[in-house]
Every structure is written in C-alpha cells, then in structure tokens.
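Sequential numbering from 8 applies to the sequence shown in the numbering used here.
Note that the Cβ used here is the ideal one computed from N, Cα and C, for glycine as well.
Notes follow once the structure below has been shown.
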Amino acid sequence: MIIVLGAVFVAVALLGIAAHIVDSTGQFMLVAAALARLLMVAAVPGAVLLGVGVGWWGVAFGSLVVVVALSTQFPLVRSRFRKPNTQGTRFGVLSANILLGEADAGAVVAAVDAHSPDVLTVVELTPSAHEGLVAAGILERLPYTFVSAASGGNGTGIYSRYPISDETRHDGYITELLSARVQVPDGPWPLVFAVHPVPPWPRNPSEWVRELAALGQLMDKIPLDDGPVVVSGDFNATFDHKRYRDLLSNRYRDAAMEVGAGHLATYSADAWYPPLIAIDHILVSDAAVIDVGVVELPGSDHRGIRADLLLRAP
C-alpha cells in the first residue's frame, strides 16, 4: 500500500512536470499547467513513501523527480541573486482585475494612494465601475484616461498620472485590449498595454490559444527602438503555461521574475483558502525592475499586482 501511494504521489508530480513542459492546447493539460506548481509538490511525499516501500531505489527515483520539478521553478527565483540596476526614470504600474466591476472602488483608489503608481490598468471594467472609480477620486490621482468600459468582463481601462497619446483599441480580442503611450516628464515615454486574454477554462481553449498568440505577435511588431513597453493585466496564464513563457524573451521579461519574487499568487482571492495561482503579470521591455508585490482588492477574486520600474532609453 505504501508503494502504491508513493507511486500515485510521484505520478501526480510527473503530471505537473509534463503540463509545464508540453505545449498543450487541450483543456485538461492547460488546467493542469495552472496547478502544476501544486502538483509538483507531491514529489516530496512520493519520494519519502517510495523510499520506505522500495528502499534506496525508490528514494533515488523520487528525488530525481523532485530535482526536475525544482528546476522548472528555479527561473522564478534565479534573479534574486542579481545586483539590481539603479539607472533610469522611475515609473510605477498597478494592475487590477475588478471582477465584473464588483471590486470596492474606494479600495482601488486606496491602493493607488498606498503605492503611488504612475499608471493603473484595470480589466473587467464596467461603465458603473468606472463611474465608481471617478466618484472615489481616481481622476484626482490619475487624471489622464483611456477607457473602454463594457458589460460583463470585457471592459478595460488605463488611468495615468501623465498625459497619454497614441491611444489604440486593438481588434481581434474578446475582451478589450488597449494601449497608450505615457508622456513621462524627463524620461522615455513607455507604451503601456492593458490586456486580458480569455481563460482556457471554462471557455473553449482554442480562444485562449489564439489570443495569446495574437498578443505575442502584437508585442513582437513593436519596433526595437520604440522605447520602453509595459504589458500589464490578467493573462489567464501562469509561468507553467508554455504559451505564456513564449511571450518572454530577451526583450520582454516578467517583472516578478526580474527580482526573483517567486510565485506571486493572485487568484482566487475571494475563496476561504489563499490565492494559489499567479495569472496576473506585468511584462516589461527596456526597463529595470526595482520591486514587485501583490495588492489586496476587496470585492474582487484577484489580487492586484504592482511593479516599480526604472525606464531606460532603447
């Protein structure tokens, strides 16, 4: 019985490893990838149980699975040991998914007061939620806006401390995908995207695959000499989804990974248990990352994510 139980634990961990590695478009494996980090934890009790039941061979096999699992997650913390960059123009970003407009508008504005972002990107922004943010004083903090509010979870907004230009609503996405250039004084002007690809579950996962691919193509089309780029929002994808890792390159980097922050879980924040998966991200190009953290958003099923950046000229 001990051997069987150990084998089951190791099999669960191997499923997590496979979900991390495989470029799957099937719903089962995509959901498994969202939970891959948790599935891989099963390798530890699996190794112990196999060691008890089989002996050193069981320990060796189980330990190998543990090492492989750890290697898949090491990139999340690797940069913790790097010396931080201190050159550039300071720029703060806060991303918030406000759950069909149901998050407490006052709490969102309080988060802006607490963290002083230069840009707030909001997804699942309804017309009434935008009105609530205005009533709570968002325009006194971030007076320049590009908003495409919509019913349900389809609306998006960009709120900026500085004037914005090049406002663009990008077609071909189920939810609103917006971008705008922020006219930062005495520094490069970053192009900021507010994104919200649809989830792979319970929707048809082909929509998620298509939207992540389209987002990657959109990001890659931006000229290299165009200045800093910030892509902020709810990606409905974790680091363990290969399609998300495909967005990362020498040009685009995950802000949390840049400071070795590990797994910043943001969803689901309204359950009795703590958030388990990290699907909200901030990606940057031509910017150093100083600090990253999560922000509580009462009334939402997501935590927000914030990043303090140093913008660099290309």
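Of the residues assessed, Ser213 falls on the exposed side of the cut-off, its CB having fewer than 16 other CB atoms within 10 angstroms. Contact check for Ser102 against Gly234 fails: the beta carbons are separated by 8 Å or more. Minimum Cα-Cα distance from Ala244 among the listed residues Lys228, Leu255, Val237 corresponds to Leu255. Here Ser123 has Gly99 as same chain residues with Cβ atoms under 7 Å from its own Cβ, once five neighbours each way along the sequence are excluded. For Gly164, the enclosing beta strand (DSSP E) begins and ends at 163–167.
The DSSP-derived three-state label of Phe246 is coil. In this structure Asp173 touches Arg188 by the C-beta definition: roughly 4 Å separates them, less than 8 Å. Less than 8 Å separates the beta-carbon of Thr128 from that of Ile165.
The stretch 116–156 is shown to contain whole beta strand (DSSP E) runs of 3 or more residues at 126–130, 151–155, in chain order. Looking only at Gln94, Asn92, Val51, the smallest Cα-Cα distance to Val74 is reached by Val51. With fewer than three CB-CB distances shorter than 8 Å, the stretch 21–39 does not count as touching the stretch 60–70.
Ranked by how close their Cα comes to the Cα of Ala285, the residues Tyr274, Val202, Val291 have Tyr274 in first place. Boundaries for Ala276: no beta strand (DSSP E) harbours it, and the DSSP string shows neither H nor E there. Here Ala268 carries a coil assignment [DSSP, helix/strand/coil]. Contact between Asn161 and Leu317 is absent: CB atoms are separated by about 33 Å, not below the 8 Å threshold. His203 carries a coil assignment under DSSP once its states are collapsed to helix, strand and coil.
Cα atoms of Gly13 and Lys249: separation of roughly 28 Å, rounded to the nearest angstrom.
According to the DSSP secondary-structure assignment, His288 is paired through a beta bridge with Gly240. The bridge partners DSSP lists for Thr175 are Ser186. Taking the CA atoms as reference points, Asp193 sits about 17 Å from Asp315. If you draw a 10 Å sphere on the C-beta of Gly53, you find 16 or more other C-beta atoms in it, and that means buried.
In this structure, the beta-carbon distance from Leu140 to His270 does not fall below 8 Å. Taken atom to atom, the span from the alpha-carbon of Leu185 to that of Val238 is near 10 Å. Secondary structure at Thr93: coil, using DSSP grouped into helix, strand and coil.
Contact between Ala20 and Ala76 holds, with the beta-carbon distance rounding to 6 Å and staying under 8 Å.
By the Cβ rule, the stretch 219–231 does not count as touching the stretch 111–125, because fewer than three pairs are nearer than 8 Å. Here Ser167 is not near Val236, since their CB atoms are 8 Å or more apart. Judged by their CB atoms, Gly95 and Arg313 are not nearer to each other than the 8 Å cut-off.
For Gly306, the closest of Gly108, Arg87, Ala41, Val199 by C-alpha to C-alpha distance is Gly108. Of the residues Ala295, Ala294, His309, Tyr259, the one whose Cα lies closest to the Cα of Asp277 is His309. Taking 8 Å as the cut-off, the beta carbon of Trp208 is found no closer than this to the beta carbon of Leu46.
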